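Quick notes on the structure that follows.
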Amino acid sequence: MDDQAIIDLYWRRSERAIEATAQKYGGYCHSISYNILHSREDADECVNDTYMKAWQAIPPTRPARLAAYLAKLVRNVSLHKYEKANAKKRGAGQVPLIVSELEHCLASSVATDSEVVELLNDFLAQLPQETRQIFMGRYFHFQSIKDIAKMRQVSESKVKMVLLRTRNDLKQVLEAEGVAL
Numbered sequence: 381m382d383d384q385a386i387i388d389l390y391w392r393r394s395e396r397a398i399e400a401t402a403q404k405y406g407g408y409c410h411s412i413s414y415n416i417l418h419s420r421e422d423a424d425e426c427v428n429d430t431y432m433k434a435w436q437a438i439p440p441t442r443p444a445r446l447a448a449y450l451a452k453l454v455r456n457v458s459l460h461k462y463e464k465a466n467a468k469k470r471g472a473g474q475v476p477l478i479v480s481e482l483e484h485c486l487a488s489s490v491a492t493d494s495e496v497v498e499l500l501n502d503f504l505a506q507l508p509q510e511t512r513q514i515f516m517g518r519y520f521h522f523q524s525i526k527d528i529a530k531m532r533q534v535s536e537s538k539v540k541m542v543l544l545r546t547r548n549d550l551k552q553v554l555e556a557e558g559v560a561l
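Structure, rendered in structure tokens:
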């Protein structure tokens, strides 16, 4: 079933919308959640919560790209669960590592979120496809460097170098636009 048909099911409040979503995007959502939580049970719970959030948000929302919309939902649900579970155990897992990698190019609160989002979207749109996919795999989907290298069929050192150069480029773009770092 195509995305528009699934969205139409949500708009008609048909419970088949959740079934169709699970069938088409269940594995995708689960992999995003699992990359953050490293627990199948927790990932399953977050994916189910994502379906509920989609049900509650559609309508009135009509996502242009259902896959991206669901990815954002499951990522946020999973990060919230991760933060809650690890409030007393800082420093464990991929999330702190990934945040520390981006630390030198993350904006402070001086710029508005929408300005930073627009700059980031423009920056990502200008990247070559492979670089963008590596960057998004690491920092949006929370994939390990090893997994990215395996999927892209490149060495881990190439992935690390692409990430380093892309982070440095992002930092320069943000500084040039006057975003406080």
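Mapping of the sequence shown onto our numbering: residues 381 to 561, in sequence order. For glycine and all other residues, C-beta sits at the position ideal for the given N, C-alpha and C. Please read all numbers here as calculations on a predicted model, not as lab measurements.
- Query: Taking buried to mean at least 16 other C-beta atoms within 10 Å of its own C-beta, is residue 558 buried or exposed?
  - Reply: Counting from one through the sequence shown, the residue named residue 558 turns up at place 178. With fewer than 16 other Cβ atoms within 10 Å, it is exposed.
- Alpha carbon to alpha carbon, how far is residue 471 from residue 419? By 1-based counting over the sequence shown, the position of residue 471 is 91. By 1-based counting over the sequence shown, the position of residue 419 is 39. Note that residue 471 scores a pLDDT of 49, beneath 50, so its modelled location is shaky; the value from the coordinates is reported in the next line. Those two C-alpha atoms are separated by around 17 Å.
- Query: Which two residues bound the contiguous alpha helix (DSSP H) that contains residue 420?
  - Reply: Walking along the sequence shown from the start, residue 420 turns up at place 40. Segment 420 to 437, the alpha helix (DSSP H) holding residue 420.
- Query: Near residue 540, which residues of its chain fall below 8 Å by C-beta distance, leaving aside the five closest residues on each side in sequence?
  - Reply: Mapped onto the sequence shown, residue 540 falls at position 160. Taken in chain order, the residues that qualify are 525.
- Task: For residue 511, collect the residues of the same chain with a Cβ closer than 7 Å to its Cβ; drop the 5 residues on either side in sequence, then sort them by chain order.
- Result: Residue mapping note: residue 511 aligns to position 131 of the sequence shown, counting from 1. Here the set comprises 542 and 546.
- Cut-off 6 Å between Cβ atoms - residues of its own chain near residue 457, not counting five sequence neighbours on either side: Sequence index remark: in the sequence shown, residue 457 carries index 77 (1-based). The residues are 426, 429 and 430.
- In three-state DSSP terms, what is residue 456? Taking the sequence shown and counting its residues from 1, one reaches residue 456 at position 76. If DSSP states are grouped into helix, strand and coil, residue 456 belongs with the helices.
- Query: Excluding sequence positions up to five away, which residues of its chain have a Cβ less than 7 Å from the Cβ of residue 442?
  - Reply: For the purposes of this step, residue 442 is taken as residue 62 along the sequence shown, with counting starting at 1. The answer, listed in chain order, is 387.
- Task: Note down, in chain order, each residue of its chain lying with its Cβ closer than 7 Å to the Cβ of residue 403, except the 5 sequence neighbours on either side.
- Result: In the sequence shown, the residue the question calls residue 403 occupies position 23. So no residue of the chain qualifies.
- Taking DSSP as the reference, what is the three-state secondary structure of residue 345? In the structure as shown, the chain starts at 381 and stops at 561, and residue 345 therefore has no counterpart that could be examined.
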